[in-house]
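Student:
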Amino acid sequence: TTPPPDPPIDKVAGLDITYEATATGVQVTMATNVPAHLYLYYTKKKPWKHLRTIYRRGVYWKHAVRYCFVDWKEVEQEELGDTIFHTFIVEPWPVCETRWFTIRAKVDEDWTASAGPIYKYHKGAVPQTTKFYTDPSPEITCMDAYASRGIMWHFWPDIHDGDGTNSLSNVVSSGVGLGTPRADDKYTSLLRSMWIFDTSAI
Numbered sequence: 001t002t003p004p005p006d007p008p009i010d011k012v013a014g015l016d017i018t019y020e021a022t023a024t025g026v027q028v029t030m031a032t033n034v035p036a037h038l039y040l041y042y043t044k045k046k047p048w049k050h051l052r053t054i055y056r057r058g059v060y061w062k063h064a065v066r067y068c069f070v071d072w073k074e075v076e077q078e079e080l081g082d083t084i085f086h087t088f089i090v091e092p093w094p095v096c097e098t099r100w101f102t103i104r105a106k107v108d109e110d111w112t113a114s115a116g117p118i119y120k121y122h123k124g125a126v127p128q129t130t131k132f133y134t135d136p137s138p139e140i141t142c143m144d145a146y147a148s149r150g151i152m153w154h155f156w157p158d159i160h161d162g163d164g165t166n167s168l169s170n171v172v173s174s175g176v177g178l179g180t181p182r183a184d185d186k187y188t189s190l191l192r193s194m195w196i197f198d199t200s201a202i
C-alpha cells in the first residue's frame, strides 16, 4: 500500500502535551507534527461558548459553536526558531488555580491557519520534602544502641515492665532479643535495640 502523503507544512497539530508543576508556576511541554514556533494563550476565566451562523464549503451552519477567551495573556515558547518540541514557562501560577489555554503557531515567521483545542489544567500543590537529619556522615555519627533487663528466672511482667539493668550506645545490633531458660513461663533477659544519632544539629 502507498503511505499517506506528508501533511502540509503550514498545518500544525499538537501530538502530545505534558505539565510539570513548579514552586512558582507550571512548565507546559508540547510536541507538534511539523517544526513551528508556538505561542500559548491562557486565561483564568472559563472561556465563553456561543452559537453563530457561518458559511463553510457552500453551506450555512446556523449553530456553529464558537469559544471566546476573556482576559488572556500570551507566552512564547522558550526555544528559538521553529521546533518540534515546545516549552512554555507560565509564571506565576498559584496553587489550586485552574487555567484554560490554547495554542497558535507560526511557520517560517508566518501565522498558520491552525488553531489548537482548548486545554484545561488545575495546578495542585508541589510535593514537599522535609529533611529531618542533615548530617553529611551518618555512618560515623549514627550507631546502634540497646537497653536490656537481665535478671534470672523472672516472669514476663517483671521482665517486660521492670527497670533496665544494662545499656550500651555503641554496638552493632538491632531488633529485639529475648532470653529464656528451660523453664515454663520464666525468662532471663529482654533486649531492645534501636538506631540513635546526635540530635544537636537538628
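Residue numbers for the sequence shown follow UniProt numbering, so the first one is 1 and each next one is one higher.
Cβ atoms here follow ideal geometry from the backbone N, Cα and C, with glycine treated the same way.
Might you give, ordered along the chain, the residues of its own chain that have their beta carbon closer than 6 angstroms to the beta carbon of PRO117, omitting 5 neighbours on each side?
Tutor: Position 117 of the sequence shown, counted from the first residue, corresponds to residue 117. Closer than 6 angstroms at Cβ, skipping near neighbours: no residue.
Student: Specify the secondary structure class of PRO3 as computed by DSSP and reduced to three states.
Tutor: Numbered from 1 along the sequence shown, position 3 holds the residue referred to as residue 3. Residue state, collapsed to three classes: coil.
Student: For TRP72, which three-state DSSP category applies?
Tutor: By 1-based counting over the sequence shown, the position of residue 72 is 72. TRP72 falls in the coil class under three-state DSSP.
Student: For the alpha helix (DSSP H) containing PRO157, name the first residue and the last one.
Tutor: Locating residue 157 in the sequence shown gives position 157, counting from the first residue. It spans 156-161 - the alpha helix (DSSP H) in which PRO157 sits, taken as one unbroken run.
Student: Could you check the C-alpha separation between ILE84 and VAL95 for me, to the nearest Å?
Tutor: As a first step, residue 84 is located in the sequence shown; it is residue number 84 there, counting from the start. As a first step, residue 95 is located in the sequence shown; it is residue number 95 there, counting from the start. Distance between the alpha carbons of ILE84 and VAL95 is about 30 angstroms.
Student: How long is the line joining the alpha carbons of GLY14 and THR87, rounded to whole angstroms?
Tutor: Position 14 of the sequence shown, counting from 1, holds the residue named residue 14. Position 87 of the sequence shown, counting from 1, holds the residue named residue 87. If you take the alpha carbons of GLY14 and THR87, they lie about 13 angstroms apart.
Student: Counting beta carbon pairs with one atom in the segment 40-48 and one in the segment 61-71, are three or more of them shorter than 8 angstroms?
Tutor: A contact exists between the segment 61-71 and the segment 40-48.
Student: For THR98, which residues in the same chain have their Cβ closer than 6 angstroms to its Cβ, ignoring the five residues on either side in sequence?
Tutor: As a first step, residue 98 must be located in the sequence shown, where it is residue number 98. Closer than 6 angstroms at Cβ, skipping near neighbours: HIS122.
Student: Within 8 angstroms, do at least three Cβ pairs link the segment 104-114 to the segment 51-61?
Tutor: no
Student: Taking ASP108 as the reference, give the member of VAL12, THR2 and LEU51 with the closest Cα.
Tutor: Taking the first residue of the sequence shown as 1, we reach residue 108 at position 108. Measuring from the Cα of ASP108, the nearest candidate turns out to be VAL12.
Student: Pull up the CB-CB distance for TYR119 and VAL75, whole angstroms please, since I reckon it's below 8 angstroms.
Tutor: Along the sequence shown, one-based indexing puts residue 119 at 119. Along the sequence shown, one-based indexing puts residue 75 at 75. Rounded to whole angstroms, the Cβ separation of TYR119 and VAL75 is 13 angstroms, and the two are not in contact under 8 angstroms.
Student: Closest to GLY177 by C-alpha separation, out of ARG66, GLY164, SER148 and ALA31, would be which residue?
Tutor: As a working note, residue 177 is residue 177 in the sequence shown. Each of ARG66, GLY164, SER148 and ALA31 was checked against the Cα of GLY177, and the nearest Cα belongs to SER148.
Student: Thinking just about the alpha-carbon of each residue, which of TRP100, THR32 and ASP158 is nearest to the one in GLN77?
Tutor: Here residue 77 is taken as the residue at index 77 of the sequence shown, counted from 1. With distances taken between Cα atoms, GLN77 lies closest to THR32.
Student: Measuring CA to CA, which of ASP16, PRO4 and GLY81 is closest to PRO35?
Tutor: Here residue 35 is taken as the residue at index 35 of the sequence shown, counted from 1. It is GLY81 whose Cα lies nearest to the Cα of PRO35.
Student: On a Cα-Cα basis, can you pick out the residue from ASP185, ILE17 and THR22 that is closest to LEU38?
Tutor: Counting from one through the sequence shown, the residue named residue 38 turns up at place 38. The option with the nearest alpha carbon to LEU38 is ILE17.
Student: Is the beta carbon of THR24 sitting closer than 8 angstroms to the one on GLU91?
Tutor: Against the sequence shown, residue 24 aligns to sequence position 24. Against the sequence shown, residue 91 aligns to sequence position 91. Contact flag set, yes.
Student: For the beta strand (DSSP E) containing TRP48, list its first residue and its last residue.
Tutor: Position 48 of the sequence shown, counting from 1, holds the residue named residue 48. First-last of the beta strand (DSSP E) with TRP48: 48-56.
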